[in-house]
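Just so you know, we're using the numbering used here here: the sequence shown kicks off at 19 and counts up by one.
Even for Gly, the Cβ is constructed at its ideal location relative to N, Cα and C.
A quick note: this is a predicted structure, and the numbers were derived from the prediction, not measured.
Here is the structure we will look at, set down as structure tokens.
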Amino acid sequence: MRQLTLATAGFERFAKSTRRAAFLGEMDRVVPWPALCELIEPVYPKNGNGRPPVGVERMLRIYFLQLWFNLSDPAVEEALYESVSMQRFAGIDLGREPVPDETTVCKFRHLLEKHDLGRQIFERVHEHLEACGLKVNAG
Numbered sequence: 019m020r021q022l023t024l025a026t027a028g029f030e031r032f033a034k035s036t037r038r039a040a041f042l043g044e045m046d047r048v049v050p051w052p053a054l055c056e057l058i059e060p061v062y063p064k065n066g067n068g069r070p071p072v073g074v075e076r077m078l079r080i081y082f083l084q085l086w087f088n089l090s091d092p093a094v095e096e097a098l099y100e101s102v103s104m105q106r107f108a109g110i111d112l113g114r115e116p117v118p119d120e121t122t123v124c125k126f127r128h129l130l131e132k133h134d135l136g137r138q139i140f141e142r143v144h145e146h147l148e149a150c151g152l153k154v155n156a157g
């Protein structure tokens with residue numbers, strides 16, 4: 019278990035669960051994250067001489083935040099600094115690490131586009147949700 023930092027410590031005495039937090043909690047439970055990461059890992063950068071890459075699952079979760087909330091690359095970076103529910107969903111602890119910057123987010127999105135992974139990801143999610151008996155609607 020991770021030790022609490024000041025960023026995640028009990029300053030939430032009067033916190034209320036929001037619709038956004040409830041939605042993200044449900045998506046955390048129903049989206050098949052490990053299976054989606056397996057699609058991306060073969061083309062995702064590996065540790066090398068440069069800065070270590072941000073984890074695949076974290077970047078994938080940020081990508082989904084962009085889609086669900088219609089956020090640009092700079093907007094998702096800013097939202098992750100401001101929204102505790104989005105930080106929790108993406109697995110970001112600001113007491114330990116910064117939010118991936120907009121360039122990192124942009125490069126990840128372009129990687130998915132280059133390898134046509136966006137379509138494969140959404141097909142897999144759609145199939146999984148239908149198998150779980152959940153109805154998928156656009157909009």
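My assumption, with CB atoms under 8 angstroms, is that residue i sits in contact with residue j. Please give the rounded CB distance.
i, j, result
"Ile-139", "Leu-42", "The Cβ separation is near 17 angstroms, so there is no contact."
"Tyr-11", "Arg-127", "The structure shown has nothing for residue 11, since the chain only spans 19 to 157."
"Pro-52", "His-146", "Not a contact, Cβ separation roughly 11 angstroms."
Along the chain, where does the alpha helix (DSSP H) containing residue i start, and where does it finish?
i, result
"Ile-58", "51–58"
"Asp-46", "37–48"
"Arg-127", "120–132"
"Leu-85", "74–87"
"Tyr-99", "91–100"
"Gly-136", "135–149"
Looking only at C-alpha atoms, which of the options sits nearest to residue i?
i, options, result
"Ser-35", "Thr-122, Ser-101, His-133, Leu-130", "Ser-101"
"Pro-60", "Arg-69, Leu-83, Leu-129", "Leu-129"
"Thr-122", "Arg-37, Asp-46, Pro-63", "Pro-63"
"Cys-55", "Glu-145, Met-104, Leu-135", "Leu-135"
"Ala-39", "Trp-86, Asn-65, Lys-153", "Trp-86"
"Glu-120", "Met-104, Phe-107, Ala-97", "Ala-97"
"Val-72", "Cys-124, Glu-145, Asp-46, Pro-50", "Cys-124"
"Arg-69", "Met-45, Pro-118, Cys-150, Asn-88", "Pro-118"
"Asp-46", "Glu-131, Gln-105, Lys-132", "Gln-105"
"Pro-83", "Arg-37, Phe-107, Gly-151", "As written in the sequence, residue 83 is Leu, which differs from the Pro given in the question. Per the Cα distances, Phe-107."
"Glu-148", "His-133, Arg-37, Val-48", "Val-48"
"Glu-44", "Glu-131, Ser-103, Asn-88, Gly-66", "Ser-103"
Item checked: Cβ pair count under 8 angstroms reaching 3, the region 87–99 against the region 68–77 -> no
Check: Three or more beta-carbon pairs under 8 angstroms between the region 131–148 and the region 93–112, yes or no?
Finding: no
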